[in-house]
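Visitor: Counting with this note's numbering, you get residues 1 to 275 for the letters of the sequence shown. Attaching a single structure in structure tokens format; questions to follow.
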Amino acid sequence: MRILVVEPIAPEGVERLRAGHDVDERPGITRDELCAILPGYDALVVRSQVQVDAAVIAAAGSRLQVIGRAGVGVDNVDLDAATAAGITVVNAPTGNTIAAAEHTLALLYGVARKVAAADASVRRGEWKRTQFTGLELRGRTLGIVGLGKIGQAIAVRAVAMEMVVLASDPFVSAEQAAHFGVELVEFDRLIERADVITVHVPLTRTTRGLIGRDQIARMKRGTILLNVARGGILDEAAVAEALASGQLAGAGIDVFDHEPPTGSPLLEAPNTLLT
Numbered sequence: 001m002r003i004l005v006v007e008p009i010a011p012e013g014v015e016r017l018r019a020g021h022d023v024d025e026r027p028g029i030t031r032d033e034l035c036a037i038l039p040g041y042d043a044l045v046v047r048s049q050v051q052v053d054a055a056v057i058a059a060a061g062s063r064l065q066v067i068g069r070a071g072v073g074v075d076n077v078d079l080d081a082a083t084a085a086g087i088t089v090v091n092a093p094t095g096n097t098i099a100a101a102e103h104t105l106a107l108l109y110g111v112a113r114k115v116a117a118a119d120a121s122v123r124r125g126e127w128k129r130t131q132f133t134g135l136e137l138r139g140r141t142l143g144i145v146g147l148g149k150i151g152q153a154i155a156v157r158a159v160a161m162e163m164v165v166l167a168s169d170p171f172v173s174a175e176q177a178a179h180f181g182v183e184l185v186e187f188d189r190l191i192e193r194a195d196v197i198t199v200h201v202p203l204t205r206t207t208r209g210l211i212g213r214d215q216i217a218r219m220k221r222g223t224i225l226l227n228v229a230r231g232g233i234l235d236e237a238a239v240a241e242a243l244a245s246g247q248l249a250g251a252g253i254d255v256f257d258h259e260p261p262t263g264s265p266l267l268e269a270p271n272t273l274l275t
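Given below as structure tokens:
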């Protein structure tokens with residue numbers, strides 16, 4: 001099988017693919033170049049940046065059998081077009097579970113304890129001890145939107161931090177949630193009760209713009225908002241406005257509508273930690 005890898009993946013992963021297969025690595029390939037050479041391959045491996053839309057799939061011709069997404073979400077692959085062409089799409093739903101969960105908590109601690117702002121202040125020669133007291137998380141309520149593998153990993157860690165944990169997920173039962181020490185609630189109740197809200201759902205037609213002005217207005221004043229899932233789930237302009245007004249106390253954002261996020265209103269918003 002000839003396999004084309006067009007975004008950087010772990011060397012160990014490439015070596016596994018090379019065991020019995022012919023692998024070409026072309027990170028940074030242009031769309032036109034991809035369409036030109038793809039008919040010569042049986043499989044395509046991408047991460048999240050390369051868009052495998054209907055036109056790319058059509059350009060592949062009849063040889064392409066598999067599209068592999070090295071990660072969880074498959075919103076950059078046109079699933080309908082792939083299915084119509086008889087191409088199997090696979091992902092790695094547990095590949096980055098721990099990394100994503102730990103990064104979420106890193107953002108939470110960074111925002112809650114005002115780490116970046118305090119660091120910058122000290123480097124400027126200031127010593128404003130009372131300005132960067134931060135928020136103690138013990139006893140606070142964490143709301144997890146999406147209790148999949150990553151959401152579950154965060155829940156276990158948050159319970160260990162002695163936080164109260166809520167979750168909203170239509171595909172999880174109350175009994176399953178309770179196994180992780182989580183109270184399952186409706187999304188509308190979660191955004192009203194939580195002190196911290198973290199989003200862990202795929203980007204779909206249903207979840208695009210899931211949290212916008214109306215939802216933010218119903219949150220507690222001073223809520224912290226985190227997104228390590230996909231850009232587009234949050235309305236960036238609405239989040240920036242809420243940060244400026246104080247409706248949101250802070251935000252930790254790892255994904256954006258457009259990446260790199262040149263021109264995003266979040267770049268100028270206060271109390272943000274952007275990665």
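A virtual CB, placed ideally from N, CA and C, is assigned to each residue, including glycine.
Nearest CA to the CA of residue 90: which residue from 270, 66, 8 and 110?
Guide: 66
Visitor: Counting Cβ pairs, one atom from each stretch, are 3 or more of them under 8 Å apart for the segment 93–107 and the segment 153–172?
Guide: yes
Visitor: Hey, would you say residue 79 sits closer than 8 Å to residue 41, going by beta carbons?
Guide: no
Visitor: Kindly give me the distance between the Cβ atoms of residue 269 and residue 240, rounded to whole angstroms, as I take these residues to be in contact under 8 Å.
Guide: Their Cβ separation, rounded to whole angstroms, is 4 Å, which keeps residue 269 and residue 240 in contact under 8 Å.
Visitor: Can you name the start and end residues of the beta strand (DSSP E) that residue 262 belongs to?
Guide: Unbroken run through residue 262: none, as it is neither H nor E.
Visitor: What is the rounded straight-line gap between the Cα of residue 203 and the Cα of residue 233?
Guide: 6 Å
Visitor: Verify whether the separation of the beta carbon atoms of residue 46 and residue 7 is less than 8 Å.
Guide: yes
Visitor: Can you name the residues that DSSP bridges to residue 227?
Guide: Beta bridge pairing from DSSP links residue 227 with 199 and 253.
Visitor: Measuring CB to CB, does residue 274 end up less than 8 Å from residue 236?
Guide: no
Visitor: Taking the alpha-carbon of residue 49 as reference, which of 208, 131, 258 and 194 has the nearest alpha-carbon?
Guide: Measuring from the Cα of residue 49, the nearest candidate turns out to be 258.
Visitor: What three-state label does DSSP hand residue 216 in the structure shown?
Guide: helix
Visitor: Closest by CA to residue 61, which one among 148, 256, 34 and 112?
Guide: Minimum Cα-Cα distance from residue 61 among the listed residues 148, 256, 34 and 112 corresponds to 34.
Visitor: Write down every uninterrupted run of the beta strand (DSSP E) in the segment 61–104 whose length is 3 residues or greater and which is fully enclosed by it, in chain order.
Guide: 66–69 and 88–90
Visitor: Once you ignore the five residues that flank residue 191 on each side, which residues in its own chain have a CB closer than 6 Å to its CB?
Guide: 215, 218 and 219
Visitor: What distance in whole Å lies between the Cβ atoms of residue 165 and residue 144, which are believed to be in contact at a cut-off of 8 Å?
Guide: Confirmed, about 7 Å.
Visitor: Near residue 225, what residues of its chain come up, given a Cβ to Cβ distance below 6 Å and the 5 sequence neighbours on each side ignored?
Guide: 197, 248 and 251
Visitor: Going by C-alpha to C-alpha distance, which of 86, 120, 271 and 13 sits closest to residue 23?
Guide: For the residues 86, 120, 271 and 13, the minimum Cα distance to residue 23 belongs to 13.
Visitor: Is it true that the CB of residue 125 sits closer than 8 Å to the CB of residue 116?
Guide: Taking C-beta atoms as the reference points, residue 116 and residue 125 fail to come closer than 8 Å.
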